[in-house]
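Everything on this sheet refers to the single structure shown next.
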Amino acid sequence: MGALPISDQVATTLSKVKTELSAPLLSSFFSLLSPLLFLLAPLLSPLLYAPLSSLLFSFLPSILCQQERRREYEANLQKAGLDFVCSSVRLPFCLSVCPSISTSIYLSLHISISPSLSSNQESDDRKTYFVKIHAPWEVLATYADVLKIKVPFKENDIPRKGRLIPDLFDIPMDWLFTPFRLPDHIMNPEPDYFTSPFNKGKIDFFLIDDKETFFPPSVRNRIVYYILARCPYHKTDREDKKGIKRLLNNGTYGSAFPLHDSRYWKPSRDSNSESERFNLYTHWAQFFSFFKEQPLNLIRKYYGEKIGIYFAWLGFYTEMLFFAAVVGLICFLYGLFTFDDNVWSKEICSEEIGGNIIMCPLCDKKCGYWKLNSTCNSSWEMEPYLPVTSQCARTFLSGATVIFWISLIIACIIGVIAYRLAVYAAFASIMKDSPTNNIHMVGSLITPQLATSVTASCINFVIIMILNLMYERVAIWITDMEIPKTHLEYENKLTVKMFLFQFVNYYSSCFYVAFFKGKFVGHPGDYIYMFGWSKLRNEECDPGGCLIELTTQLVIVMSGKQVWGNVQEALVPWVMNRWGSRKARSHPESRYSRWEQDHDLQNFGHLGLFYEYLEMVIQFGFITLFVASFPLAPLLALLNNIIEVRVDAWKFTTQFRRPVASKAHSIGAWQEILNGVAVLSVVTNAFIVAFTSDMIPRLVYMYAYSNDLSMKGYINNSLSVFNISGFSKDNRPEDGESPEWFNSSVITTCR
4 MGALPISDQV ATTLSKVKTE LSAPLLSSFF SLLSPLLFLL APLLSPLLYA PLSSLLFSFL
64 PSILCQQERR REYEANLQKA GLDFVCSSVR LPFCLSVCPS ISTSIYLSLH ISISPSLSSN
124 QESDDRKTYF VKIHAPWEVL ATYADVLKIK VPFKENDIPR KGRLIPDLFD IPMDWLFTPF
184 RLPDHIMNPE PDYFTSPFNK GKIDFFLIDD KETFFPPSVR NRIVYYILAR CPYHKTDRED
244 KKGIKRLLNN GTYGSAFPLH DSRYWKPSRD SNSESERFNL YTHWAQFFSF FKEQPLNLIR
304 KYYGEKIGIY FAWLGFYTEM LFFAAVVGLI CFLYGLFTFD DNVWSKEICS EEIGGNIIMC
364 PLCDKKCGYW KLNSTCNSSW EMEPYLPVTS QCARTFLSGA TVIFWISLII ACIIGVIAYR
424 LAVYAAFASI MKDSPTNNIH MVGSLITPQL ATSVTASCIN FVIIMILNLM YERVAIWITD
484 MEIPKTHLEY ENKLTVKMFL FQFVNYYSSC FYVAFFKGKF VGHPGDYIYM FGWSKLRNEE
544 CDPGGCLIEL TTQLVIVMSG KQVWGNVQEA LVPWVMNRWG SRKARSHPES RYSRWEQDHD
604 LQNFGHLGLF YEYLEMVIQF GFITLFVASF PLAPLLALLN NIIEVRVDAW KFTTQFRRPV
664 ASKAHSIGAW QEILNGVAVL SVVTNAFIVA FTSDMIPRLV YMYAYSNDLS MKGYINNSLS
724 VFNISGFSKD NRPEDGESPE WFNSSVITTC R
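Our numbering runs 3 ahead of the 1-based position in the sequence shown.
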């Protein structure tokens, strides 16, 4: 068959497109477009027909379907009782529409659907349009009854002194706590009530003074979002497509978010607005309020229970860190002040004892003999429905993916270990003549062991951060693939996957240094090599033990993560917001509406709190699993958390759109994870004291071998003697590697 004429081809394409689009509005649009294309058909080259046909068939139908979905969705929202308003009534929610085609086409389609959309709902850039949603009393009351939302029915009349737990005001000399308190209207924005699930049929039973303010803002936006998440936008015989999440994913709407009640830097001019955002910023979100209590009731009222519980837990965790930090600081100061009384450290550093003990080479060929006192600068220790088969397949794939990524972490750790073994010999060869002594202040402190440890820790930290970014997306993908039935189940599954990965990623190198390094090195003349066949000899601990290296590892990884996390949480949203609102800030404030300001803020996703909890739980692991080696870890965590509380508060109040309020009764799966880490920390710290540190060998020497119950002679007693002639050619240092003071005819043994 010959090719159709251009006009027939255009008619065929239009017919095909029109058949697939059943909506009358879209059919009318193509009826208007058809004559124009027939007039242009004789001017079209056959080469231009294919791309034009593809554009009409793939691009325009998709865009116009979005218009049809919006029309039907907004009509169903109105049937559910929601109002689209532009007045000064309370607006719990706002939808932003970002048209993908030119503004004129968007307006010509959309303005006929929602006549209530006036020109002041258009953004300054004339590309984003806002649908502002208001929930009247009838809707709020109906869905509050459905969701069984608890509301007050009687003011609490139990006397304060009759309660089981006395309030802060019942404590003697409570005036000492006055600087730490906030004004009472901030701490207790509402009186204390007895509550009961709302019942629309018994309205007189509840304390309703004003229907406009009876439901707090968090409840109002929660109800509106409940309706948005269940409202259909396309009905067929087979299924009903519904929910704002789908519409956001397919680009029908650009975003959906509750509105803040005011600007954060000044109260609202509306007398009906309580300006809770301004109060939160003034009394809570500023860094210089770090010593004051948190207004948890106001946080709960404004953001909902889930975010309120997070800040309550974070505040309690930070307070408990204070006691651990005090104990750790006392241990550190005790070690600092008693350092001069440390007998074994003095023996290592003394010229008479440590200077006369010749140590065997720490690596093959490239390492020479060395004196024990050369390490004295680093010898101080600081201790929907799916078939069963589909579910099994998805679960198996998910588990296999997690195992693969954990194996990848282990492979990276082995790579870092190989780096340590290979680089140590290079550092030892470079530093044999002490070229670092010329470095001002710190030159004398730099040893091959320290240089290897610091560089390996830094490389390990970079690998950790890169793997985190990669696995985060993988974990979300495999959790989405499992299709959990509820959001709580989704969060729990993701929590287990992410924590398991992060646990291995962050702690594996610390476990290696604490429990494996220096345990499998063999002895002079019969060393053990990595994998048995390689030329990389397993590394040894310093004469003072591996605790100083474990401390170095903890300081770099823990401190680096905390600094990077705070910069990422505070700086990145601020920069993105400044960039996104750069044009709007040049206009008068009267032209920069509240919904436009909120739209320019960063979106707080449904996994926002997940990452906050994950950060704190990983920190909890650092300060509990290895605290015996680094007692200052709780102090560093305390200082970080004091900043963290205010950074999170500032971020929520100023840099993010208002999150949708959610119910919560606890911190979820994180509670069991914290319990597991706490139990494991008892075992790890006992192992560190027993196997990593020299505490038990020192006690044995003191009570079994010392004549005067002192540590004199411990260093010499703890080191075995090896005859240098027993070294094989592969183990013996090359010519020129040993220092000038070494004379093989005089020195015949090493330790």
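Glycine included, every Cβ here is placed at the ideal spot set by N, Cα and C.
Exposure of residue i, with buried meaning 16 or more beta-carbon neighbours within 10 Å
i	result
T554	buried
V222	buried
G739	exposed
C753	buried
V154	buried
H602	buried
K238	exposed
P702	The amino acid at residue 702 is misidentified as Pro; the sequence shows Leu. With fewer than 16 Cβ atoms within 10 Å of its Cβ, L702 is classed as exposed.
Q674	exposed
I750	exposed
S512	buried
L491	exposed
V663	buried
W571	Going by the sequence as given, residue 571 is Gln instead of Trp. It counts as exposed.
S696	buried
S456	buried
Beta-carbon gap between residue i and residue j smaller than 8 Å
i	j	result
L262	L283	no
P742	A327	no
M782	W347	As shown, the chain starts at 4 and ends at 754. That puts residue 782 outside it, with no answer to give.
P192	K269	no
A640	V499	no
L604	R649	no
W577	F133	no
P736	Y372	yes
N688	A652	no
A667	I312	yes
Q565	N643	yes
I136	F87	yes
K734	Y530	Residue identity check: residue 734 is Asn in the sequence provided, not Lys. In this structure, Y530 lies closer than 8 Å to N734 by Cβ.
K295	F183	yes
I691	A517	yes
F502	I626	no
L628	S684	yes
R74	T255	no
Cβ of residue i within 8 Å of any chain C Cβ
i	result
R303	The structure shown has no chain C; it contains just one protein chain.
Reduced DSSP category for residue i - H, G, I as helix; E, B as strand; rest coil
i	result
E765	Since the first and last residues shown for the chain are 4 and 754, residue 765 lies out of range.
L365	coil
D243	strand
F133	strand
Y109	In this prediction, Y109 has a pLDDT of 24, which is less than 50 and means its spatial position is unreliable; what the coordinates show is noted afterwards. In this structure, Y109 counts as helix in the three-state DSSP scheme.
R184	coil
R701	helix
Q297	coil
R597	helix
L24	Since pLDDT at L24 reaches only 42, below the 50 mark, its modelled position is unreliable, and no value is offered.
A664	coil
S721	helix
T198	strand
Y530	strand
H263	coil
Nearest-angstrom beta carbon gap, residue j and residue i [assumed within contact, 8 Å]
i	j	result
K309	L557	Not really, about 32 Å apart at Cβ, beyond 8 Å.
I559	C461	6 Å
Y236	L250	6 Å
L365	E543	6 Å
C234	N79	5 Å
I356	I718	7 Å
I467	Y509	6 Å
S265	S274	Not confirmed; about 12 Å, so no contact.
W316	I670	5 Å
F217	I226	About 12 Å separates the two Cβ atoms, so there is no contact after all.
Task: contact_flag[the segment 194-208, the segment 145-163] where n(CB pairs < 8 Å) is 3 or more - done: yes
Open item on the list: Using 8 Å as the cut-off, can you tell me whether the segment 310-329 makes contact with the segment 616-628, which would need three or more C-beta pairs spanning the two stretches below that distance?
Closed with: yes
- [ ] Inspect the CB distances between the segment 206-226 and the segment 329-341 and report whether three or more fall short of 8 Å.
- [x] no
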